[in-house]
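Q: If you read the sequences in order, they're chains A and B.
Just so you know, we're using this note's numbering here: the first sequence kicks off at 47 and counts up by one.
Just so you know, we're using this note's numbering here: the second sequence kicks off at 14 and counts up by one.
For glycine and all other residues, C-beta sits at the position ideal for the given N, C-alpha and C.
Because the structure is a prediction, the values reported are computed rather than measured.
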Amino acid sequence: MSTLPRPSTILLAAITTLVAVLLYSPLFVPIVSSFFTVSHGDVDWSSPTLSTYRALAGNTDILAALRTTLIVGVCTVVLSVVSGTLLALYYHGRRAGRSFLQFIIFLPFLMPPIISGLALLIFFREIGLERSLLTVVIGHTVFVLAIVYRTVLMRLQSMSRTLVEASYDLGATGWQTFWRIILPNLSSAMVGGAILAFALSFDETMITILVTGTQSTLPVRLWAMMRLGFSPDINALVALILMFTVLLCVLAARFLIPRQMATERN
Amino acid sequence: MNQNTDLLTLRSVSKSYGTVPVLHDIDLSIRDGEFLTVLGPSGSGKTTVLRLIGGLEPLTSGEIRLDGQEISRMPINKRPFNTVFQDYALFPHMTVSGNVGYGLSVRHIRRKEIASRVAQALELVQLGRFADRFPAQLSGGQRQRVALARALICQPRLILLDEPLAALDLELRRQMQEFLKSIQREIKTTFLFVTHDQEEAIGMADRICVMQAGHIRQLGTPHDLYYKPNCEFVARFFGENNLVAGKLGPVQGEQRPIETALGRLVCSISGQPHLKTAPDGASAFAAFRPEALHLADAKDSSNRFSGTIADLAFAGSSTVATITAGTVDPAQRLRLRMPSRIDGSALKPGAAVSLCFAPHEGHLVLA
């Protein structure tokens with residue numbers, strides 16, 4: 047950077063700041079305005095208040111939606127982490143059929159969600175599965191599986207093959223090697239993958255709308271609320287979701303950076 | 014601990030990866046308690062030998078016997094051998110004592126006993142203070158010693174070491190060589206050490222097995238290999254050497270002449286019966302070490318020839334002269350190593366010199 051002449055450095059800084067402000071300031075508007083009341087369609091900036099949060103806490107619809115979201119998220123995480131890890135273990139180092147399987151796993155993640163959602167909807171109808179939270183969980187799992195699979199596979203590939211050899215060499219059985227060497231070395235990747243999976247499931251909307259029954263998850267609820275007109279609790283809700291998502295991302299990053307690297311850097 | 018009994022025997026062992034053969038009909042006996050080094054350039058199959066013995070790879074054909082019992086098909090985790098891997102393969106999520114105790118804990122040995130044996134093993138490799146560290150917090154040499162402690166705690170019959178010093182810098186490598194050798198003497202366990210570094214091999218081994226292209230070329234003490242190489246490859250690979258091609262002449266007792274471009278050179282054949290039986294006129298090389306070659310004085314009569322000094326290189330305690338002689342291929346110059354002198358050498362590049370070596374310091378290898 048220091049190689050650039052000074053005026054261009056200043057110009058560059060100005061442009062960068064402007065872009066950052068334009069792109070990211072809208073994110074802060076709901077957070078800030080969630081602390082003020084709205085009357086006659088206008089924000090009253092004179093008196094900060096927590097009333098929107100109080101209103102949100104009293105909104106049983108939203109609380110029910112939040113509960114549904116959490117149930118779906120936890121089920122999705124458990125299903126996708128278990129199956130993603132098993133798939134990664136099975137296909138690690140195996141050539142035959144691996145690229146085809148990877149293609150299949152990544153397809154729902156890369157396709158427009160509306161296509162994935164419609165495909166699932168048609169599938170559920172064909173096999174006669176009623177739309178319910180179960181179908182939502184299945185839909186989310188299919189969607190997030192790619193992330194967990196990829197995360198675990200990457201860790202497996204970066205794990206030295208000699209670790210497993212050393213374990214056998216020292217007299218361990220296959221089972222002991224799996225539980226004591228392979229799994230502990232995968233665990234942080236699994237936790238990281240789980241957090242990402244949860245975050246994805248948390249705000250997945252399109253597939254959910256298509257395959258859900260009578261219950262709605264938080265983003266679906268939010269979307270319905272927006273259709274009926276702006277309500278101040280929405281600001282509070284958005285602020286809370288934002289905070290929660292940021293927290294998840296920070297956690298995921300912590301688990302996905304290998305511990306060894308982190309220690310070496312210190 | 015009788016060095017004359019065979020611990021492990023490989024009989025006509027071959028190994029191929031797919032259709033690519035990497036080992037051809039290897040026969041090798043490892044004696045109980047010895048430090049055996051397998052030495053060879055990369056791609057010679059030396060690591061494959063170690064992996065076959067350790068059970069990390071299946072044999073293609075042949076058999077491996079431990080105390081006379083066939084173990085070729087014994088699974089890796091049942092073999093009483095432990096390996097020190099080239100990359101150490103320490104378990105990153107376990108502490109030093111967790112790593113060292115792993116071999117005991119998978120055998121369900123009582124915790125108390127594990128703790129005391131781990132402490133002993135760490136004491137042996139001088140890492141007692143580091144028991145609670147993680148591998149990432151250790152230096153290369155320390156990791157190396159943890160890997161060694163982890164291998165020897167199970168009291169294996171044989172410890173397999175796969176180029177364990179390759180990743181260390183020169184000074185540390187020297188220290189570790191001495192360290193490994195002293196540990197081996199202390200625990201009296203058989204070591205099979207794989208390396209491509211001949212200095213390492215000379216420094217540590219009781220016996221060296223030289224491999225090339227999937228074959229064992231020679232097996233013997235470092236002294237034997239240095240002074241009685243049995244083939245051109247060993248003569249060239251093992252230490253610096255001068256090789257001059259020629260045709261064998263008739264045997265004269267324990268010596269045999271060879272007609273070369275430098276004239277008739279007489280070399281010792283004592284203790285090498287295959288050189289006695291080789292027919293007259295067979296192609297061979299006269300082999301003599303740079304330190305055996307010296308400037309001739311008036312009383313030297315045999316193995317005398319003249320040459321021109323092409324270059325002089327000061328190498329600390331010794332000085333090496335590169336010499337062109339006779340009609341010897343100019344690409345293949347002779348080397349002469351002499352003690353350095355504080356007042357410099359009287360020789361100058363371009364000087365014509367008369368050279369010779371004593372017949373008992375010259376050897377023959379068949380081409």
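Among B:Met-351, B:Gly-56, B:Ser-57 and B:Val-119, which has the Cα closest to the Cα of Arg-163 of chain B?
A: Stepping through the second sequence from its first residue, residue 163 of chain B is reached at position 150. The option with the nearest alpha carbon to Arg-163 of chain B is B:Val-119.
Q: Return the CA-CA distance between His-236 of chain B and Phe-298 of chain B, expressed in angstroms with no decimal places.
A: Here the question's residue 236 of chain B lines up with position 223 in the second sequence. Here the question's residue 298 of chain B lines up with position 285 in the second sequence. Cα to Cα, the separation comes out at about 20 Å.
Q: For Thr-131 of chain A, decide whether its Cβ has a neighbour in chain B, counting only Cβ atoms nearer than 8 Å.
A: For this step, residue 131 of chain A is matched to residue 85 along the first sequence. Cβ-Cβ to chain B under 8 Å: no for Thr-131 of chain A.
Q: Is the region 31 to 39 of chain B touching the region 205 to 214 of chain B in the sense that three or more CB pairs, one from each, lie closer than 8 Å?
A: No: the two stretches stay apart, fewer than three of their Cβ pairs being nearer than 8 Å.
Q: At a cut of 8 Å, does the region 173 to 185 of chain B reach the region 90 to 103 of chain B through at least three beta carbon pairs?
A: Result yes; three or more Cβ-Cβ pairs closer than 8 Å.
Q: Using a Cβ-Cβ cutoff of less than 6 Å, which residues in the same chain neighbour Ser-319 of chain B once the five nearest sequence positions on both sides are dropped?
A: Position 306 of the second sequence, counted from the start, is the residue given in the question as residue 319 of chain B. Excluding sequence neighbours, Ser-319 of chain B sits near Ser-367.
Q: What are the boundary residues of the alpha helix (DSSP H) that Pro-154 of chain A is part of?
A: As a first step, residue 154 of chain A is located in the first sequence; it is residue number 108 there, counting from the start. First-last of the alpha helix (DSSP H) with Pro-154 of chain A: 144 to 156.
Q: Taking only runs that begin and end inside the region 100 to 184 of chain B, name each unbroken beta strand (DSSP E) of 3 or more residues, in chain order.
A: You should have 171 to 175.
Q: Can you find at least 3 beta carbon pairs, one from the region 214 to 227 of chain A and one from the region 149 to 168 of chain A, that sit closer than 8 Å?
A: Because the criterion of three Cβ pairs below 8 Å is not met, the region 214 to 227 of chain A and the region 149 to 168 of chain A do not touch.
Q: What span of residues does the beta strand (DSSP E) with Glu-260 of chain B cover, start to end?
A: Here residue 260 of chain B refers to the residue found at position 247 of the second sequence. The residue you asked about is not Glu; residue 260 of chain B is Lys in the sequence shown. Counting along the chain, the beta strand (DSSP E) containing Lys-260 of chain B begins and ends at 255 to 261.
Q: Closer than 8 Å by beta-carbon distance: list the chain A residues that pair up with Tyr-115 of chain B, in chain order.
A: Numbered from 1 along the second sequence, position 102 holds the residue referred to as residue 115 of chain B. Ser-213, Leu-216, Ala-218 and Arg-226, listed in chain order.
Q: Any contact of the region 43 to 56 of chain B with the region 213 to 233 of chain B, i.e. 3+ C-beta pairs under 8 Å?
A: The region 43 to 56 of chain B is in contact with the region 213 to 233 of chain B.
Q: Just to confirm, is the Cβ distance from His-307 of chain B to Leu-278 of chain B under 8 Å?
A: Translated into the one-based positions of the second sequence, residue 307 of chain B becomes position 294. Translated into the one-based positions of the second sequence, residue 278 of chain B becomes position 265. It is not a contact, given that the beta carbons lie outside the stated cut-off.
Q: Measure the C-alpha to C-alpha separation of Ala-371 of chain B and Phe-251 of chain B and round it to an integer number of angstroms.
A: Numbered from 1 along the second sequence, position 358 holds the residue referred to as residue 371 of chain B. Numbered from 1 along the second sequence, position 238 holds the residue referred to as residue 251 of chain B. Spanning the two alpha carbons is a distance of roughly 21 Å.
Q: Note down, in chain order, every chain A residue with its Cβ under 8 Å from the Cβ of Ala-102 of chain B.
A: For the purposes of this step, residue 102 of chain B is taken as residue 89 along the second sequence, with counting starting at 1. Correct list: Ser-206, Thr-208, Leu-209, Glu-211 and Ala-212.
Q: Within the 8 Å Cβ cut-off, does Arg-163 of chain B reach chain A?
A: Position 150 of the second sequence, counting from 1, holds the residue named residue 163 of chain B. For Arg-163 of chain B, the answer is yes, since a Cβ of chain A falls inside 8 Å of its Cβ.
Q: Could one say the Cβ of Gln-261 of chain A lies closer than 8 Å to chain B's Cβ atoms, at least one of them?
A: The residue labelled residue 261 of chain A in the question sits at position 215 within the first sequence. Gln-261 of chain A does not count as touching chain B.
Q: For a cutoff of 8 Å on Cβ pairs, would you count Leu-69 of chain B as touching chain A?
A: For this step, residue 69 of chain B is matched to residue 56 along the second sequence. Yes - at least one Cβ of chain A is within 8 Å of the one on Leu-69 of chain B.
Q: Flag this pair as touching only if the region 59 to 72 of chain A and the region 259 to 276 of chain A have three or more C-beta atom pairs under 8 Å; answer yes or no.
A: No: fewer than three Cβ pairs fall under 8 Å.
Q: Could you pull the start and end residues of the beta strand (DSSP E) that Val-33 of chain B belongs to?
A: Translated into positions along the second sequence, residue 33 of chain B becomes position 20. Segment 33 to 44, the beta strand (DSSP E) holding Val-33 of chain B.
Q: Run down chain A in chain order and give the residues with a C-beta less than 7 Å from the C-beta of Pro-269 of chain B.
A: To locate residue 269 of chain B, count along the second sequence from 1; it is residue 256. A small correction: the amino acid at residue 269 of chain B is Arg; Pro does not occupy that position in the sequence shown. Per Cβ cutoff of 7 Å: no residues; Arg-269 of chain B is ~49 Å from chain A at best.
Q: For my contact list, Val-183 of chain A and Val-118 of chain A are in at a C-beta cut-off of 8 Å; report their separation, rounded to the angstrom.
A: Indexing the first sequence from 1 puts residue 183 of chain A at position 137. Indexing the first sequence from 1 puts residue 118 of chain A at position 72. About 6 Å; that satisfies the 8 Å criterion.
Q: Indicate whether at least one CB of chain B lies closer than 8 Å to the CB of Gln-203 of chain A.
A: Counting from 1 along the first sequence, the entry for residue 203 of chain A is found at position 157. Chain B contact via Cβ: absent.
Q: For a contact meaning CB atoms closer than 7 Å, what does Ile-89 of chain B contact in chain A?
A: Here residue 89 of chain B refers to the residue found at position 76 of the second sequence. Chain A residues near Ile-89 of chain B: Tyr-214 and Asp-215.
Q: According to DSSP, Ile-336 of chain B sits in a beta bridge with which residue or residues?
A: Sequence index remark: in the second sequence, residue 336 of chain B carries index 323 (1-based). According to DSSP, which records beta bridges pairwise, Ile-336 of chain B is partnered with B:Ile-322 and B:Leu-347.
Q: According to the neighbour-count rule (16 or more other Cβ atoms, all chains shown, within 10 Å of its Cβ), is Tyr-30 of chain B buried or exposed?
A: The count along the second sequence starts at 1 and reaches residue 30 of chain B at position 17. Looking at its Cβ environment, which holds fewer than 16 other Cβ atoms inside 10 Å, Tyr-30 of chain B is exposed.
Q: Within 10 Å of its beta-carbon, does Arg-220 of chain B have 16 or more other beta-carbons around it, so buried, or fewer, so exposed?
A: Here residue 220 of chain B refers to the residue found at position 207 of the second sequence. Label assigned to Arg-220 of chain B: buried.
Q: So is Arg-14 of chain A buried or exposed if we call it buried at 16+ other beta carbons inside 10 Å?
A: There is simply no residue 14 of chain A to check, as chain A begins at 47 and stops at 312 in what is shown.
Q: Does the Cβ of Cys-295 of chain A have 16 or more other Cβ atoms within 10 Å, making it buried, or fewer, making it exposed?
A: Translated into the one-based positions of the first sequence, residue 295 of chain A becomes position 249. That one is exposed.
Q: Within the continuous alpha helix (DSSP H) that includes Pro-286 of chain B, where are the two ends?
A: What you label residue 286 of chain B is simply residue 273 of the second sequence in a count that begins at 1. From DSSP, the alpha helix (DSSP H) with Pro-286 of chain B extends over 286 to 290.
Q: Just reading off the alpha helix (DSSP H) that Gln-203 of chain A is part of, what are its end residues?
A: Here residue 203 of chain A is taken as the residue at index 157 of the first sequence, counted from 1. Taken as a continuous stretch (DSSP letters only), the alpha helix (DSSP H) holding Gln-203 of chain A covers 179 to 204.
Q: Does any residue of chain A have a CB that is nearer than 8 Å to the CB of His-209 of chain B?
A: The residue you call residue 209 of chain B lines up with position 196 of the second sequence. Chain A contact via Cβ: absent.
Q: Runs of 3 residues minimum, wholly inside the region 84 to 121 of chain A: which ones carry the beta strand (DSSP E) assignment?
A: Within the region 84 to 121 of chain A, the complete beta strand (DSSP E) runs of at least 3 residues are 88 to 90.
Q: If I measure Cβ to Cβ from Ala-192 of chain A and keep anything under 6 Å in the same chain, skipping five residues before and after, which residues do I get?
A: The sequence position of residue 192 of chain A within the first sequence is 146, counting from 1. Here the set comprises Ile-151, Phe-152 and Phe-155.
Q: Candidates A:Ala-235, A:Ala-285, A:Arg-207 and A:Glu-250: which alpha carbon is nearest Leu-302 of chain A's?
A: Locating residue 302 of chain A in the first sequence gives position 256, counting from the first residue. The residue with the shortest Cα to Cα distance from Leu-302 of chain A is A:Ala-235.
Q: Checking contacts by CB at 8 Å: is Pro-154 of chain A closer than that to chain B?
A: Start at 1 with the first residue of the first sequence, and residue 154 of chain A comes out as number 108. Chain B contact via Cβ: absent.
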